[in-house]
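**Q**
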Amino acid sequence: MTQHTIEVTVNGEHHSVQIPARRLLSDLLRDDLHLTGTKRGCETGICGACSVHLDGEVVKSCLMLAVQVDGRSITTIEGLGDGDTLHPLQESFMNCGGLQCGYCTPGFVMTSCAMLAHNPAPTEDEVRHGLNGNLCRCTGYTQIVESILVAAEKMRGN
Ligand code: FES
Ligand code: FES
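Okay, so the sequence shown: first residue is 4 according to the working numbering, each after it adds one.
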């Protein structure tokens, strides 16, 4: 199978990787770069467990080919905090009970992080609407929404 070499920056680190043309971005992250915080769920673009940032915008990594990110910049859940310091969203999901099994959580955190970058003071309805591409089988969403609203307030410095 034809191999392609791509250059990609992931969480601020440059990588040059040889991959087959049909490699998914989610597989590149998990299997080649060992960043297993990005989860595989439905692999059909429905559950959002595989959400990452591509040049600052949220994308579902199961819907992209790795060759499409050549020359671009990715942030995964591993790149969100600062060393041992969690991102306010990670802290808030933990403190507000926004996770149970945690499988969906990296996707929710990455989606809500991009959401708050565009709208730092969302209403509850806007948060719920912004999460329409992410599914959780455990929490019932109430605490996820609360986690995001609390983090948003914290990030605004209140
Ligand atoms: S694994 Fe990508 S959307 Fe479900
Ligand atoms: S916390 Fe288990 S799927 Fe969301």
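Glycine included, each C-beta is placed from N, C-alpha and C at the ideal position.
Report the CB separation of T114 from G51 in whole angstroms; it is logged as a contact under 8 Å.
**A** Counted from its first residue, the sequence shown places residue 114 at position 111. Counted from its first residue, the sequence shown places residue 51 at position 48. Correct: roughly 6 Å between the Cβ atoms.
**Q** When the Cα atoms are used, what is the spatial distance from H56 to L28?
**A** Position 53 of the sequence shown holds residue 56. Position 25 of the sequence shown holds residue 28. Rounded to the nearest angstrom, the two C-alpha atoms are 12 Å apart.
**Q** Going by other Cβ atoms of all chains shown within 10 Å of its Cβ, with 16 needed for buried, is M4 buried or exposed?
**A** Position 1 of the sequence shown, counting from 1, holds the residue named residue 4. M4 counts as exposed, since fewer than 16 other beta carbons sit within 10 angstroms of its beta carbon.
**Q** With distances taken Cα to Cα, identify the nearest neighbour of M67 among S150, A24, T108, E129.
**A** As a position in the sequence shown, residue 67 is number 64, starting the count at 1. Looking at the Cα atoms, A24 is the closest of the given residues.
**Q** Since Q93 is in the alpha helix (DSSP H), which residue starts that stretch and which ends it?
**A** Working through the sequence shown from its first residue, we reach residue 93 at position 90. It spans 91-98 - the alpha helix (DSSP H) in which Q93 sits, taken as one unbroken run.
**Q** Within the structure, which residues are defined as neighbours of ligand 2 by a Cβ-heavy atom distance below 5 Å, reported in chain order?
**A** L102, Q103, C104, Y106, C107, C139, R140, C141
**Q** Jot down the residue ranges of each uninterrupted beta strand (DSSP E) in the stretch 61-148, minimum 3 residues, whole runs only, in chain order.
**A** Fully enclosed beta strand (DSSP E) runs of 3 or longer: 76-78.
**Q** One question on the structure: do G15 and G82 come within less than 8 Å of each other, judged by their Cβ atoms?
**A** Position 12 of the sequence shown, counted from the start, is the residue given in the question as residue 15. Position 79 of the sequence shown, counted from the start, is the residue given in the question as residue 82. Going by C-beta atoms, G15 is nearer than 8 Å to G82.
**Q** For I151, which three-state DSSP category applies?
**A** Taking the first residue of the sequence shown as position 1, residue 151 is located at position 148. Of the three classes helix, strand and coil, the one that applies to I151 here is helix, per DSSP.
**Q** At which residues does the beta strand (DSSP E) containing H17 begin and terminate?
**A** Numbered from its first residue, the sequence shown carries residue 17 at position 14. Run containing H17: 16-23, per the beta strand (DSSP E) assignment.
**Q** May I ask which residues mark the beginning and end of the beta strand (DSSP E) holding T12?
**A** For the purposes of this step, residue 12 is taken as the residue at position 9 of the sequence shown. Run containing T12: 6-13, per the beta strand (DSSP E) assignment.
**Q** Please name the residue or residues paired with H56 in a DSSP beta bridge.
**A** Reading the sequence shown from its first residue, position 53 is the one you call residue 56. DSSP lists V61, T78 as partners of H56.
**Q** Helix, strand or coil for L31 per DSSP?
**A** Numbered from its first residue, the sequence shown carries residue 31 at position 28. Correct three-state label for L31: helix.
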